[in-house]
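For reference, the structure discussed in these notes is given below.
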Amino acid sequence: VELQKSKIFEKYNVNVLGTPIQSIVDTEDRKIFAEKINAIGEKVAPSAAVTSVEEALAAAKNIGYPVMARSAFSLGGLGSGFANNEEELKVLAHQALSHSDQLIIDKSLKGWKEVEYEVVRDAYDNCITVCNMENVDPLGIHTGESIVVAPSQTLSNREYYMLRNTAIKVIRHFGIVGECNIQYALNPNSEEFYIIEVNARLSRSSALASKATGYPLAYVAAKLALGIPLPVIKNSVTRVTTACFEPSLDYCVVKIPRWDLAKFNRVSTKIGSSMKSVGEVMSIGRS
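Sequential numbering from 240 applies to the sequence shown in our numbering.
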(Lines of atoms letter the chains of each structure in order from A and count residues from 1; the text may use other names and numbers.)
(Lines give C-alpha, C1' and ligand atoms only; values in the text may rest on other atoms or scores of the structure.)
Protein backbone atom coordinates (compact mmCIF):
# COMPACT_ATOMS: atom_id res chain seq x y z
CA VAL A 1 0.00 0.00 0.00
CA GLU A 2 2.83 2.39 0.89
CA LEU A 3 4.64 1.56 -2.37
CA GLN A 4 1.46 2.34 -4.29
CA LYS A 5 1.03 5.67 -2.47
CA SER A 6 4.62 6.67 -3.18
CA LYS A 7 4.09 5.70 -6.87
CA ILE A 8 7.02 3.24 -6.88
CA PHE A 9 5.02 0.71 -8.94
CA GLU A 10 4.14 3.41 -11.46
CA LYS A 11 7.74 4.60 -11.66
CA TYR A 12 9.12 1.14 -12.47
CA ASN A 13 6.06 0.01 -14.47
CA VAL A 14 5.28 -2.84 -12.05
CA ASN A 15 2.01 -4.72 -12.56
CA VAL A 16 0.57 -6.08 -9.28
CA LEU A 17 -1.04 -9.50 -9.75
CA GLY A 18 -4.26 -10.66 -8.10
CA THR A 19 -6.37 -8.44 -5.89
CA PRO A 20 -6.04 -4.72 -6.79
CA ILE A 21 -4.23 -2.66 -4.15
CA GLN A 22 -7.24 -0.34 -3.96
CA SER A 23 -9.36 -3.32 -2.83
CA ILE A 24 -6.92 -3.93 0.04
CA VAL A 25 -7.13 -0.26 1.04
CA ASP A 26 -10.94 -0.37 0.79
CA THR A 27 -11.17 -3.38 3.13
CA GLU A 28 -8.55 -2.19 5.66
CA ASP A 29 -9.60 1.48 5.95
CA ARG A 30 -12.71 1.26 8.11
CA LYS A 31 -14.28 4.50 6.89
CA ILE A 32 -14.06 3.49 3.22
CA PHE A 33 -15.04 -0.08 4.13
CA ALA A 34 -18.26 1.04 5.84
CA GLU A 35 -19.17 3.28 2.89
CA LYS A 36 -18.56 0.45 0.39
CA ILE A 37 -20.62 -2.06 2.40
CA ASN A 38 -23.50 0.42 2.86
CA ALA A 39 -23.46 1.07 -0.90
CA ILE A 40 -24.58 -2.53 -1.58
CA GLY A 41 -27.27 -2.46 1.11
CA GLU A 42 -25.38 -4.45 3.75
CA LYS A 43 -24.55 -3.41 7.30
CA VAL A 44 -21.37 -3.03 9.31
CA ALA A 45 -21.43 -2.54 13.06
CA PRO A 46 -21.59 1.17 13.99
CA SER A 47 -17.98 2.34 14.10
CA ALA A 48 -15.72 5.33 13.62
CA ALA A 49 -12.12 5.74 12.48
CA VAL A 50 -10.19 8.23 14.62
CA THR A 51 -6.61 9.46 14.91
CA SER A 52 -6.47 10.84 18.46
CA VAL A 53 -7.64 10.07 22.00
CA GLU A 54 -10.00 13.08 21.97
CA GLU A 55 -11.64 11.90 18.74
CA ALA A 56 -11.94 8.39 20.21
CA LEU A 57 -13.81 9.70 23.28
CA ALA A 58 -16.17 11.75 21.09
CA ALA A 59 -16.84 8.75 18.81
CA ALA A 60 -17.55 6.44 21.76
CA LYS A 61 -19.97 8.98 23.22
CA ASN A 62 -21.79 9.09 19.89
CA ILE A 63 -21.88 5.27 19.43
CA GLY A 64 -22.64 4.50 23.08
CA TYR A 65 -20.71 2.37 25.58
CA PRO A 66 -19.54 -0.40 25.75
CA VAL A 67 -17.26 -0.10 22.73
CA MET A 68 -14.36 -2.01 21.23
CA ALA A 69 -11.18 -0.15 20.32
CA ARG A 70 -8.58 -1.56 17.95
CA SER A 71 -5.69 -0.46 15.74
CA ALA A 72 -6.27 -0.26 12.00
CA PHE A 73 -3.91 -2.20 9.70
CA SER A 74 -2.92 -4.61 12.49
CA LEU A 75 -2.73 -8.39 12.81
CA GLY A 76 -3.79 -10.69 15.65
CA GLY A 77 -6.02 -8.07 17.27
CA LEU A 78 -2.93 -6.09 18.31
CA GLY A 79 -3.82 -3.07 20.43
CA SER A 80 -7.48 -4.01 20.87
CA GLY A 81 -9.84 -4.30 23.82
CA PHE A 82 -13.24 -3.40 25.27
CA ALA A 83 -14.06 -0.22 27.15
CA ASN A 84 -17.10 0.35 29.37
CA ASN A 85 -16.32 3.98 30.17
CA GLU A 86 -14.11 6.95 29.25
CA GLU A 87 -11.25 6.02 31.60
CA GLU A 88 -10.91 2.53 30.13
CA LEU A 89 -11.08 3.93 26.59
CA LYS A 90 -8.32 6.48 27.28
CA VAL A 91 -5.93 3.69 28.31
CA LEU A 92 -6.88 1.55 25.29
CA ALA A 93 -6.63 4.46 22.86
CA HIS A 94 -3.11 5.39 24.02
CA GLN A 95 -1.98 1.77 23.60
CA ALA A 96 -3.64 1.30 20.19
CA LEU A 97 -2.34 4.58 18.74
CA SER A 98 1.21 3.50 19.58
CA HIS A 99 0.77 0.61 17.09
CA SER A 100 -1.07 2.50 14.34
CA ASP A 101 -1.95 6.06 13.35
CA GLN A 102 -5.62 5.11 13.00
CA LEU A 103 -7.87 3.73 15.72
CA ILE A 104 -11.22 2.01 15.15
CA ILE A 105 -14.04 2.45 17.67
CA ASP A 106 -16.70 -0.25 17.17
CA LYS A 107 -20.01 -0.80 18.92
CA SER A 108 -19.60 -3.82 21.21
CA LEU A 109 -21.47 -6.90 19.95
CA LYS A 110 -20.25 -9.16 22.76
CA GLY A 111 -22.26 -12.36 22.98
CA TRP A 112 -23.26 -12.51 19.30
CA LYS A 113 -22.26 -15.53 17.18
CA GLU A 114 -19.10 -15.15 15.11
CA VAL A 115 -19.29 -16.85 11.71
CA GLU A 116 -16.70 -16.85 8.91
CA TYR A 117 -16.81 -17.69 5.21
CA GLU A 118 -13.87 -18.40 2.91
CA VAL A 119 -14.70 -17.23 -0.61
CA VAL A 120 -12.74 -17.53 -3.85
CA ARG A 121 -13.19 -15.38 -6.99
CA ASP A 122 -11.38 -15.34 -10.32
CA ALA A 123 -10.79 -12.47 -12.76
CA TYR A 124 -13.85 -13.60 -14.76
CA ASP A 125 -16.25 -13.11 -11.81
CA ASN A 126 -16.69 -16.83 -11.01
CA CYS A 127 -17.22 -17.21 -7.25
CA ILE A 128 -17.42 -20.16 -4.85
CA THR A 129 -17.54 -20.53 -1.07
CA VAL A 130 -14.91 -23.01 0.05
CA CYS A 131 -15.84 -23.32 3.71
CA ASN A 132 -17.88 -21.74 6.46
CA MET A 133 -16.82 -21.82 10.09
CA GLU A 134 -18.38 -20.99 13.41
CA ASN A 135 -16.61 -19.87 16.58
CA VAL A 136 -17.68 -21.75 19.70
CA ASP A 137 -16.77 -18.66 21.73
CA PRO A 138 -19.03 -15.64 21.15
CA LEU A 139 -17.96 -12.36 19.61
CA GLY A 140 -15.43 -10.53 21.76
CA ILE A 141 -12.94 -13.39 21.69
CA HIS A 142 -10.35 -13.19 18.89
CA THR A 143 -10.76 -15.90 16.22
CA GLY A 144 -7.20 -17.06 16.92
CA GLU A 145 -8.11 -17.54 20.60
CA SER A 146 -11.40 -19.32 19.95
CA ILE A 147 -12.42 -22.93 19.37
CA VAL A 148 -13.66 -23.06 15.78
CA VAL A 149 -15.95 -25.65 14.16
CA ALA A 150 -16.29 -26.28 10.41
CA PRO A 151 -18.83 -26.48 8.93
CA SER A 152 -21.01 -24.34 11.23
CA GLN A 153 -23.29 -26.38 13.50
CA THR A 154 -25.95 -23.97 14.79
CA LEU A 155 -26.93 -22.05 11.62
CA SER A 156 -30.26 -22.80 9.99
CA ASN A 157 -30.29 -23.48 6.24
CA ARG A 158 -31.79 -20.01 5.69
CA GLU A 159 -29.07 -18.32 7.78
CA TYR A 160 -26.32 -20.27 5.99
CA TYR A 161 -27.48 -19.18 2.51
CA MET A 162 -28.25 -15.63 3.64
CA LEU A 163 -24.63 -15.18 4.79
CA ARG A 164 -23.24 -17.09 1.79
CA ASN A 165 -25.06 -14.84 -0.71
CA THR A 166 -23.84 -11.75 1.14
CA ALA A 167 -20.23 -13.04 1.08
CA ILE A 168 -20.34 -13.48 -2.70
CA LYS A 169 -21.96 -10.06 -3.17
CA VAL A 170 -19.22 -8.43 -1.06
CA ILE A 171 -16.24 -10.11 -2.77
CA ARG A 172 -17.63 -9.09 -6.18
CA HIS A 173 -18.24 -5.51 -5.05
CA PHE A 174 -14.65 -5.11 -3.82
CA GLY A 175 -13.24 -6.70 -6.99
CA ILE A 176 -11.12 -9.18 -5.05
CA VAL A 177 -9.27 -11.74 -7.21
CA GLY A 178 -8.12 -14.78 -5.27
CA GLU A 179 -9.05 -15.78 -1.74
CA CYS A 180 -11.07 -13.73 0.73
CA ASN A 181 -12.15 -14.20 4.33
CA ILE A 182 -15.36 -12.52 5.53
CA GLN A 183 -16.42 -12.41 9.19
CA TYR A 184 -19.95 -11.87 10.48
CA ALA A 185 -21.61 -11.08 13.79
CA LEU A 186 -24.95 -12.91 13.92
CA ASN A 187 -27.58 -12.18 16.56
CA PRO A 188 -28.32 -15.53 18.30
CA ASN A 189 -31.97 -14.53 18.80
CA SER A 190 -32.78 -13.30 15.28
CA GLU A 191 -31.45 -13.17 11.72
CA GLU A 192 -29.89 -9.74 12.24
CA PHE A 193 -26.23 -9.67 11.25
CA TYR A 194 -23.34 -7.27 10.70
CA ILE A 195 -20.23 -7.69 8.57
CA ILE A 196 -17.31 -7.37 10.98
CA GLU A 197 -14.44 -7.38 8.52
CA VAL A 198 -13.18 -8.60 5.16
CA ASN A 199 -9.62 -9.89 4.72
CA ALA A 200 -8.70 -9.68 1.03
CA ARG A 201 -5.90 -12.20 1.49
CA LEU A 202 -4.98 -15.58 2.89
CA SER A 203 -5.44 -15.50 6.67
CA ARG A 204 -5.17 -17.84 9.67
CA SER A 205 -8.74 -18.94 8.96
CA SER A 206 -7.76 -19.74 5.36
CA ALA A 207 -5.15 -22.21 6.58
CA LEU A 208 -7.78 -23.97 8.70
CA ALA A 209 -10.34 -23.94 5.86
CA SER A 210 -7.79 -25.41 3.46
CA LYS A 211 -6.87 -28.25 5.83
CA ALA A 212 -10.49 -28.89 6.84
CA THR A 213 -11.83 -29.17 3.29
CA GLY A 214 -8.81 -30.47 1.39
CA TYR A 215 -9.18 -27.49 -0.96
CA PRO A 216 -5.68 -26.10 -1.77
CA LEU A 217 -6.48 -22.41 -1.18
CA ALA A 218 -2.94 -21.03 -1.46
CA TYR A 219 -2.28 -22.98 -4.68
CA VAL A 220 -5.58 -21.87 -6.23
CA ALA A 221 -5.11 -18.23 -5.10
CA ALA A 222 -1.67 -18.15 -6.77
CA LYS A 223 -3.16 -19.45 -10.03
CA LEU A 224 -6.04 -16.94 -9.86
CA ALA A 225 -3.54 -14.10 -9.43
CA LEU A 226 -2.07 -15.12 -12.80
CA GLY A 227 -5.49 -14.63 -14.40
CA ILE A 228 -6.33 -18.34 -14.80
CA PRO A 229 -10.11 -19.00 -14.46
CA LEU A 230 -11.47 -21.34 -11.76
CA PRO A 231 -12.91 -23.98 -14.17
CA VAL A 232 -9.46 -24.47 -15.74
CA ILE A 233 -7.50 -24.98 -12.49
CA LYS A 234 -7.17 -28.65 -11.51
CA ASN A 235 -7.67 -29.41 -7.81
CA SER A 236 -4.19 -30.64 -6.84
CA VAL A 237 -5.62 -32.66 -3.93
CA THR A 238 -8.45 -34.60 -5.61
CA ARG A 239 -6.73 -34.60 -9.05
CA VAL A 240 -10.18 -35.22 -10.57
CA THR A 241 -12.28 -32.10 -9.98
CA THR A 242 -11.49 -28.52 -10.95
CA ALA A 243 -11.20 -25.58 -8.55
CA CYS A 244 -14.76 -24.41 -9.27
CA PHE A 245 -16.27 -27.35 -7.32
CA GLU A 246 -17.39 -26.31 -3.83
CA PRO A 247 -16.18 -28.77 -1.17
CA SER A 248 -19.00 -30.70 0.55
CA LEU A 249 -18.17 -32.05 4.01
CA ASP A 250 -19.72 -35.18 5.52
CA TYR A 251 -17.56 -34.76 8.62
CA CYS A 252 -16.84 -32.17 11.28
CA VAL A 253 -13.57 -30.34 11.95
CA VAL A 254 -12.68 -28.71 15.28
CA LYS A 255 -9.76 -26.35 15.85
CA ILE A 256 -8.53 -25.69 19.39
CA PRO A 257 -5.84 -23.04 20.02
CA ARG A 258 -2.63 -23.82 21.89
CA TRP A 259 -1.16 -21.37 24.38
CA ASP A 260 2.32 -21.28 25.88
CA LEU A 261 1.81 -18.57 28.49
CA ALA A 262 4.29 -20.12 30.96
CA LYS A 263 7.12 -18.71 28.83
CA PHE A 264 5.91 -15.13 29.25
CA ASN A 265 5.95 -13.13 32.48
CA ARG A 266 2.91 -11.19 33.72
CA VAL A 267 0.64 -12.30 30.87
CA SER A 268 -3.07 -12.61 31.62
CA THR A 269 -4.47 -16.13 31.22
CA LYS A 270 -7.86 -14.71 30.17
CA ILE A 271 -8.72 -14.89 26.48
CA GLY A 272 -10.00 -11.74 24.79
CA SER A 273 -9.89 -9.58 21.67
CA SER A 274 -6.11 -9.79 21.16
CA MET A 275 -4.39 -13.02 20.21
CA LYS A 276 -2.01 -14.84 22.57
CA SER A 277 -2.15 -18.39 21.19
CA VAL A 278 1.00 -19.67 19.48
CA GLY A 279 -0.43 -22.66 17.63
CA GLU A 280 -3.46 -24.85 17.18
CA VAL A 281 -4.65 -28.45 17.06
CA MET A 282 -7.12 -29.70 14.46
CA SER A 283 -9.27 -32.80 14.83
CA ILE A 284 -11.61 -34.48 12.35
CA GLY A 285 -14.59 -36.68 13.19
CA ARG A 286 -18.03 -37.78 12.05
CA SER A 287 -19.85 -35.68 14.63
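Note that the Cβ used here is the ideal one computed from N, Cα and C, for glycine as well.
The model shown is predicted, which means the values in this text are computed figures rather than measured ones.
Worksheet item: Do the segment 382-391 and the segment 493-500 meet, that is, are 3 or more Cβ pairs less than 8 angstroms apart?
Response: Output reads yes: the segment 493-500 touches the segment 382-391.
Fill in: Cβ separation of Pro259 and Gly414, assumed to be a contact under 8 angstroms, to the nearest whole Å
Residue 259 sits at position 20 when you count from the first residue of the sequence shown. Residue 414 sits at position 175 when you count from the first residue of the sequence shown. So it is a contact: roughly 6 angstroms between Cβ atoms.
Practice prompt. Assess, as a yes-or-no matter, whether the segment 425-437 is touched by the segment 449-466 under the definition of 3 or more beta carbon pairs within less than 8 angstroms.
Written response: no
Item to complete: Taking all protein chains shown into account, decide if Glu355 is buried (16 or more other Cβ within 10 angstroms of its Cβ) or exposed.
Response: Reading the sequence shown from its first residue, position 116 is the one you call residue 355. Around the Cβ of Glu355, a 10 Å sphere holds 16 or more other Cβ atoms; the residue is buried.
Practice prompt. For the beta strand (DSSP E) containing Lys346, list its first residue and its last residue.
Written response: Translated into positions along the sequence shown, residue 346 becomes position 107. Note, Lys346: beta strand (DSSP E), 342-346.
Fill in: Sheet register partners of Thr452 (DSSP bridge)
As a position in the sequence shown, residue 452 is number 213, starting the count at 1. None, per the DSSP bridge assignment.
Practice prompt. Could you tell me the distance, in whole angstroms, from the CA atom of Arg497 to the CA atom of Gly518?
Written response: Taking the first residue of the sequence shown as position 1, residue 497 is located at position 258. Taking the first residue of the sequence shown as position 1, residue 518 is located at position 279. Each residue's Cα considered, the two are about 5 angstroms apart.
Worksheet item: Which full runs of the beta strand (DSSP E) of 3+ residues lie inside the segment 294-381, going along the chain?
Response: 306-310, 320-322, 342-346, 352-360, 366-374
Discussion item. Just to confirm, is the Cβ distance from His381 to Ser507 under 8 angstroms?
Written reply: Residue mapping note: residue 381 aligns to position 142 of the sequence shown, counting from 1. Residue mapping note: residue 507 aligns to position 268 of the sequence shown, counting from 1. No, the Cβ-Cβ distance between His381 and Ser507 is not below 8 angstroms.
Worksheet item: Tell me, which residues are paired with Glu436 by DSSP?
Response: Within the sequence shown, residue 436 is the residue found at index 197, counting from 1. Answer is Gln422, bridged to Glu436.
Practice prompt. Please list, in chain order, all residues of the same chain as Ser245 whose beta carbon is under 6 angstroms from its beta carbon, the five residues on each side excluded.
Written response: Translated into the one-based positions of the sequence shown, residue 245 becomes position 6. Counting only Cβ-Cβ distances below 6 angstroms, and skipping sequence neighbours, we find nothing.
Item to complete: With hydrogens ignored, establish whether the beta-carbon of Asn396 is closer than 7 angstroms to any heavy atom of the ligand NAP.
Response: The ligand NAP is absent from the structure shown, which contains no ligands of any kind.
Worksheet item: How big is the Cα-Cα spacing for Ala278 and Lys502?
Response: Taking the sequence shown and counting its residues from 1, one reaches residue 278 at position 39. Taking the sequence shown and counting its residues from 1, one reaches residue 502 at position 263. Looking at the two C-alpha atoms, the distance is approximately 47 angstroms.
Discussion item. Please identify the residue among Ala451, Thr477, Thr481 whose C-alpha is closest to the C-alpha of Met521.
Written reply: In the sequence shown, counting from the first residue as 1, residue 521 sits at position 282. Closest option to Met521, Cα to Cα, is Ala451.
Worksheet item: Between Glu485 and Val369, is the Cβ-Cβ spacing less than 8 angstroms?
Response: As a first step, residue 485 must be located in the sequence shown, where it is residue number 246. As a first step, residue 369 must be located in the sequence shown, where it is residue number 130. Taking 8 angstroms as the Cβ cut-off, Glu485 and Val369 qualify as a contacting pair.
Item to complete: Look up Met521 in the DSSP assignment and give the residues it is bridged to.
Response: Locating residue 521 in the sequence shown gives position 282, counting from the first residue. Per DSSP, Lys494.
Worksheet item: Out of Met401, Met372, His333, Pro377, which has the shortest C-alpha to C-alpha gap to Glu281?
Response: Taking the sequence shown and counting its residues from 1, one reaches residue 281 at position 42. Ranked by Cα distance from Glu281, the options Met401, Met372, His333, Pro377 are led by Met401.
Worksheet item: If we call anything under 8 angstroms between Cβ atoms a contact, is Arg373 one with Ser444?
Response: Counted from its first residue, the sequence shown places residue 373 at position 134. Counted from its first residue, the sequence shown places residue 444 at position 205. In the sequence as displayed, the identity of residue 373 is Glu instead of Arg. No, these two residues do not count as a Cβ contact at 8 angstroms.
Item to complete: Output yes or no for whether 8 angstroms exceeds the beta carbon distance between Val306 and Ser347.
Response: Taking the sequence shown and counting its residues from 1, the one referred to as residue 306 is at position 67. Taking the sequence shown and counting its residues from 1, the one referred to as residue 347 is at position 108. Going by C-beta atoms, Val306 is nearer than 8 angstroms to Ser347.
Discussion item. Check this for me: beta carbons of Gln341 and Ala311, under 8 angstroms apart or not?
Written reply: For the purposes of this step, residue 341 is identified with residue 102 of the sequence shown, where counting begins at 1. For the purposes of this step, residue 311 is identified with residue 72 of the sequence shown, where counting begins at 1. Contact: yes.
Discussion item. Run through the DSSP bridge pairs and tell me what Ala389 is partnered with.
Written reply: Here the question's residue 389 lines up with position 150 in the sequence shown. DSSP, once it has assigned bridges, lists Val492 as partnering Ala389.
Worksheet item: For the beta strand (DSSP E) that contains Val264, what are its first and last residues?
Response: As a working mapping, residue 264 is identified with position 25 in the sequence shown. Where Val264 is concerned, there is no enclosing beta strand (DSSP E), although the alpha helix (DSSP H) it sits in stretches over 260-267.
Worksheet item: Among the residues of its own chain, which have a CB less than 7 angstroms from the CB of Glu325, if the five just before and after it don't count?
Response: Taking the sequence shown and counting its residues from 1, the one referred to as residue 325 is at position 86. Same-chain partners within the cutoff: Leu296.
Practice prompt. Kindly indicate if chain C contains any beta-carbon less than 8 angstroms away from that of Arg478.
Written response: Looking at the structure shown, chain C is missing, and only one protein chain is on hand.
Item to complete: Give the straight-line distance between the Cα atoms of Ser283 and Gly320, rounded to the nearest whole angstrom.
Response: The residue given as residue 283 occupies position 44 in the sequence shown. The residue given as residue 320 occupies position 81 in the sequence shown. It should be noted that the sequence gives Val, not Ser, for residue 283. Taking the straight line joining both Cα atoms gives about 19 angstroms.
Discussion item. Am I right that Ala439 and Ser262 are in contact with their C-beta atoms under 8 angstroms? What's the rounded C-beta distance?
Written reply: What you label residue 439 is simply residue 200 of the sequence shown in a count that begins at 1. What you label residue 262 is simply residue 23 of the sequence shown in a count that begins at 1. That pair is a contact at about 5 angstroms.
Worksheet item: Distance, Cα to Cα, Glu327 vs Pro427?
Response: What you label residue 327 is simply residue 88 of the sequence shown in a count that begins at 1. What you label residue 427 is simply residue 188 of the sequence shown in a count that begins at 1. The straight-line gap from Cα to Cα measures roughly 28 angstroms.
Worksheet item: Name the DSSP beta bridge partners of Ala287, please?
Response: Counting from one through the sequence shown, the residue named residue 287 turns up at place 48. Partner(s): Ile344.
Worksheet item: Taking buried to mean at least 16 other C-beta atoms within 10 Å of its own C-beta, is Lys509 buried or exposed?
Response: Here residue 509 refers to the residue found at position 270 of the sequence shown. Lys509 should be labelled exposed.
Practice prompt. Identify whether Gly417 lies in helix, strand or coil by the three-state DSSP scheme.
Written response: By one-based count along the sequence shown, residue 417 stands at place 178. Residue state, collapsed to three classes: strand.
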